[in-house]
Each structure stands twice: as C-alpha cells, then as structure tokens.
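Just so you know, we're using the numbering used here here: the sequence shown kicks off at 1334 and counts up by one. Note that beta-carbon positions come from the ideal geometry of N, C-alpha and C, so glycine has one too. Bear in mind that the values here come from a model prediction, so they are computed numbers and not experimental data. All remarks here apply to the structure that follows.
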Amino acid sequence: MSSALKSQFDSLKRNGGAFALSGSSQIISSLTNFGIVLYLVRILEKDDFGLYSLGFASYLIISALLAAIFAVQYVVNNPDRAEHERRSYAMHHVVAMIIISILIVLLAAMLKVALSIDSELIYIVQDLALPVAMATLGFATRDMVVRIAFVERREWLVLGSAMSVATSTAIAFFIIHILSINQSASMGLGIVAFSQLIGAVFTLYMLRLPWCQLSFGELRKAFVESWQGGRWYAMTSIVYSVRTQAHNFVILPILGLAALAEVNATRILLTPAVMAIPPLYQVVMPRLAEMRGRNPVVVQRHIWITVAGLVGFALIYSAALLSVLDIALPLALGPSYAALEPVVLAWCAVTVFMAARNGLTMGLEIRKEFKDMLIVNSSAALVAIILAAGFSFFWGGMGAVWAFAMAELILCLLLYRVLMRALTKEKLADEGKTESHGAVASVGKSQNQDSLQRGDMVPPMVPKR
C-alpha cells in the first residue's frame, strides 16, 4: 500500500466517529427540512407554497451573509489564536452574531408597521418580513454555535442540536394540527424560526462558553477582525445568493407564484444528495484550516478527494432518482406536481455542479482567497441573472433551473483556475524558501573552508594523553 493511500486510511480511521456523528446530524436536519416542505407542499395552495419558498430563500440569503462575516471568519482565524484564548474568542463571535440578528428583527418589525402602500409586493413584504427575520435570528445563531462545536471536536453536540430542532418542529406541527389552525406561508416560517431558536439555545447551553469574560473591547475586536476578513467574503456571499437564488426572484415577476412553487417543490427530491455536503464541509474545514501552514500538499490532496467524493455521490444519486422518477414524483409531491420530470433533470445537473463547486470553494476558503472568490462569483452571478431571465421567458421554470446549472458550471471552471493559480504560487514560494536555505548553508560552508585555509579558524586540538 502506498504511503499516500495509507495516510488516507489513517485519516479516515481517526475522523470516522466525527464523520458518523456529523452525517447523522445532517441526515436529521435534512429529514426535518424535507418533512416540513413535504407537509407544506401538500396542504398549501401553489401560490402560498410559492410565497413560503420566497421567504425561505430570503432568510437563507441573510443568514449566509451573517455567516460569511462572523462564522466563517471565526473558523479560519481560530487556529491563529492561542489555546487559552479560543473559547473567549468564540463567545464574543456568538454575541456579535446575536446582536446583528436582533437588529434585523427590530428592523423587520418597524418595516411591517411602517409600510402602508396598496401594492401586492408590499403585502408580500408585510406578510414575510417578521417571520423571515425571526428565522434568520434562529438559523444564523444556531449555525454559529454549531460551527464552534465542530471546531471543538464536539460533534455529538451537533447531533443533539439537530435532534432538538427536529423534535420541536414535530411538536409545533402536531399542536397546530390538533388545534386545527390554518396553515400559511408565514406560519411555516414561524415554525422554522421557533425550532431553530430551540436548537440554538440548547447548543449554547451545552457549549458552556465563558460568559464571565465578556468585554466591550473584545467584542469590538471581534467585529473589527471579522469585518477585515469577512467584507470580501460577505460580498461573495451576496453575489453567491444572487446566483443561487436568481431563479426565485426572476420567476416571481415573469411566471408568478405557482411556477415558483413547482420549481422549488421539485428541488426537494434532490435533498438527500445535497445533504452530504454540509457534514463533510463542517468536519473537514476546521481540520484542514489547522493543517494549511504545516502541510499544504496533504491539504490539497484532501481537497481533491473531497471534490471527487461529492461529485461521485451526486452522480450516483441523480442516476438512481431519474430511474424511478415516474413513481417518486407523484408519490412525494402529489398529483398536481406529477408532470415536472424535465425540471427534476435540470435540478440533477445543478446538484452535480454544486457538489464540485463546494469542494473547490473549500480549498480557496482555507487559503483565505476571498477577494478572488468574490470576482469569480460576481461573474457567475451576472451569467445566472441574464440566463435566468432569458431562459424563463422561453422555457418557463425549467429554463430558470438550467440557467442555474450553467452558472454553476461556469463558476466551477473559474474556481478551478483560481485554485490552480494559488497552488502554483504556493509551490513557487516553497521552492524559493528551499533555495534560500540551501544558499545560506552553502555560503556558510564556503566561508568556513576559506577561514580554515587562512588560519582564521583553528580546528580543535586533540588533547594530549
């Protein structure tokens, strides 16, 4: 067995428990989201489910922006902190995340009260503003504390957090069903917010962060440090959201809420393929971030293995789904969504390219190449908007999804180019260091020889017996 292959087996053996716990927590989280969407898609009218999809996309965009500024920066900067500072460092990032999230909730509440224009768009904003803000508070805070648990190698706590979210979601829907309360898009988002907050509180309690060390100076430092590295990634996150959610905001004005509901309902069937990405990312990312300074070659080998594994899994799942699609589609979504096979095929393409893109992105995040990521994401986002508008006009919702797939493919190619350029730069830097050390050693040896020849340096005398 080659040393490289043996290294991979040893790594898998060491991290097997972490992968198992992380995978289990992601399965529970994905099944929870899967259950929520399946339940809502069957009981809500298409327009109302389309509205829920819009709210869901909105809070994911805002949460991703907050994660880019605070959570991701915490993960990549944590290895640079002294061991005794890390828990306090984590705690101040949690507080910063909560403060910004609460400000968003207050802004949404004021927006709901202040808007009084007679317009369909304003009605949608009024209906969704507060539920979306509350869901953002719960989701962003839980995402932050879950990342801390991963960094501290406490994957069992992540599993407990996922179970608390699933349990609270089931209880909330059961109570609503028993009381015969009418379901709506805002009600569905409210349940998401409630369950995410429960999960966040549970995880915060179990982390036992050093709250007594809270100080304004360290909190300000957390804001400043996160913004210094996070501003590029925050803009990348905005661009990323524009690209990945372009179909939601393009379909609505062109095709309406019903078409939006169809596109997002069919995406549910790809959930099992997508759910492999977060646990792998959350387990691998902190470990590779710590290794980046010691062994960049091994880090990059892990990145390529991750990309290959994610793409392979996405391809296998997509092939299996397409082989039973005529049965799975009406069974999962109901008869009103039965004739949407072409849309599912488009989502399969999106999933494969998304898997590759996530692996490549991880390689660039570890190297803190946030500025280059912003540039390439901006290019792909522009392509996504243009193609989504054009394809939707000619081919409806299916066209918007194919536009998404094309943008993901273009982004993969651009990210690969940036990553290879970064690898070349690292290699040249290492070669320069090696040559520099060799030159210094050579000069030193030459000087010693010259000195001996001149008699400046006398070899040590052998003591007489």
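Quick one, which of the options has its alpha-carbon nearest residue i's?
{"i": "P1543", "options": "Y1573, M1687 and H1425", "result": "H1425"}
{"i": "G1383", "options": "I1457, V1607 and L1354", "result": "I1457"}
{"i": "L1654", "options": "L1697, S1513, P1619 and A1679", "result": "A1679"}
{"i": "N1515", "options": "R1475, L1377 and P1675", "result": "L1377"}
{"i": "V1498", "options": "I1360, T1365, L1354 and L1643", "result": "T1365"}
{"i": "A1591", "options": "V1683, S1669 and V1632", "result": "S1669"}
{"i": "Y1407", "options": "I1395, R1420 and S1396", "result": "R1420"}
{"i": "S1559", "options": "M1539, F1389, L1436 and V1409", "result": "V1409"}
{"i": "A1503", "options": "S1362, V1583, Y1566 and Y1385", "result": "S1362"}
{"i": "L1399", "options": "A1390, I1369, I1433 and Y1422", "result": "I1433"}
{"i": "V1484", "options": "L1585, V1751, L1373 and M1618", "result": "M1618"}
{"i": "V1709", "options": "V1751, V1734, W1728 and M1687", "result": "V1751"}
{"i": "Q1546", "options": "H1417, L1448, T1599 and L1373", "result": "H1417"}
{"i": "P1464", "options": "S1513, A1415, I1395 and H1580", "result": "I1395"}
Helix, strand or coil: how does DSSP classify residue i here?
{"i": "L1761", "result": "helix"}
{"i": "R1420", "result": "helix"}
{"i": "N1410", "result": "helix"}
{"i": "L1461", "result": "helix"}
{"i": "V1630", "result": "helix"}
{"i": "R1553", "result": "helix"}
{"i": "I1432", "result": "helix"}
{"i": "G1692", "result": "helix"}
{"i": "A1362", "result": "Per the sequence shown, the amino acid found at residue 1362 is Ser instead of Ala. Three-state DSSP puts S1362 in a helix."}
{"i": "E1378", "result": "coil"}
{"i": "L1387", "result": "helix"}
{"i": "Q1516", "result": "coil"}
{"i": "E1698", "result": "helix"}
{"i": "L1588", "result": "helix"}
{"i": "E1485", "result": "coil"}
{"i": "V1657", "result": "coil"}
{"i": "A1713", "result": "helix"}
Apart from the five residues on each side of it in sequence, which residues of its chain come closer than 7 angstroms, Cβ to Cβ, to residue i?
{"i": "V1438", "result": "A1466, M1467 and L1470"}
{"i": "A1690", "result": "Here residue 1690 turns out to be Arg, not Ala, going by the sequence shown. Closer than 7 angstroms at the Cβ level, and outside the excluded window around R1690, lie E1741, L1744, C1745 and L1748."}
{"i": "D1381", "result": "S1517 and A1518"}
{"i": "M1477", "result": "F1403, A1404, H1426, V1427 and M1430"}
{"i": "T1536", "result": "R1475, V1478, V1479, A1482, L1490 and S1494"}
{"i": "G1810", "result": "Lying outside 1334 to 1798, the shown extent of the chain, residue 1810 is not represented and no answer is given."}
{"i": "F1367", "result": "I1601 and T1604"}
{"i": "L1658", "result": "E1674 and V1677"}
{"i": "L1345", "result": "For L1345, the pLDDT reaches just 44, beneath the cut-off of 50, and the residue's location in the model is therefore unreliable, although a value from the coordinates is still provided. Excluding residues within five positions, none has a Cβ falling inside 7 angstroms."}
{"i": "L1371", "result": "I1601 and A1665"}
{"i": "S1711", "result": "V1572"}
If you drop the 5 nearest sequence neighbours on each side, which residues of the same chain put their C-beta closer than 8 angstroms to that of residue i?
{"i": "E1623", "result": "P1412"}
{"i": "L1440", "result": "A1466"}
{"i": "E1595", "result": "K1379, Y1670, L1673, V1676 and G1730"}
{"i": "Q1633", "result": "G1696 and L1756"}
{"i": "A1397", "result": "S1570, Y1573 and S1574"}
{"i": "A1505", "result": "I1524, F1527 and S1528"}
Closer than 6 angstroms by C-beta to residue i: which residues in its own chain qualify, once you throw out the five before and the five after it? Chain order, please.
{"i": "G1732", "result": "F1724 and S1725"}
{"i": "L1603", "result": "W1680 and T1684"}
{"i": "A1530", "result": "Residue identity differs from the one stated: residue 1530 is Leu in this sequence, not Ala. Correct list, in chain order: G1471."}
{"i": "A1682", "result": "A1738"}
{"i": "A1462", "result": "A1441, L1444 and K1445"}
{"i": "A1688", "result": "L1643, V1644 and A1647"}
{"i": "M1706", "result": "T1569 and L1697"}
Any heavy atom of the ligand PLP closer than 7 angstroms to the CB of residue i?
{"i": "L1492", "result": "Absence of the ligand PLP is noted for the structure shown, with no ligands found whatsoever."}
- Between the stretch 1658 to 1668 and the stretch 1716 to 1725, are three or more C-beta pairs nearer than 8 angstroms? Because the criterion of three Cβ pairs below 8 angstroms is not met, the stretch 1658 to 1668 and the stretch 1716 to 1725 do not touch.
- Task: Kindly confirm or deny that the stretch 1569 to 1577 and the stretch 1516 to 1530 touch, where touching means at least three C-beta pairs closer than 8 angstroms.
- Result: Contact between the stretch 1569 to 1577 and the stretch 1516 to 1530 is absent, with fewer than three C-beta pairs closer than 8 angstroms.
- Query: Three or more C-beta pairs closer than 8 angstroms, one from the stretch 1490 to 1509 and one from the stretch 1552 to 1565: is that the case here?
  - Reply: With fewer than three CB-CB distances shorter than 8 angstroms, the stretch 1490 to 1509 does not count as touching the stretch 1552 to 1565.
- Item | Sufficient close CB pairs (3 or more, under 8 angstroms) joining the stretch 1646 to 1653 to the stretch 1690 to 1704 | No, the stretch 1646 to 1653 does not touch the stretch 1690 to 1704.
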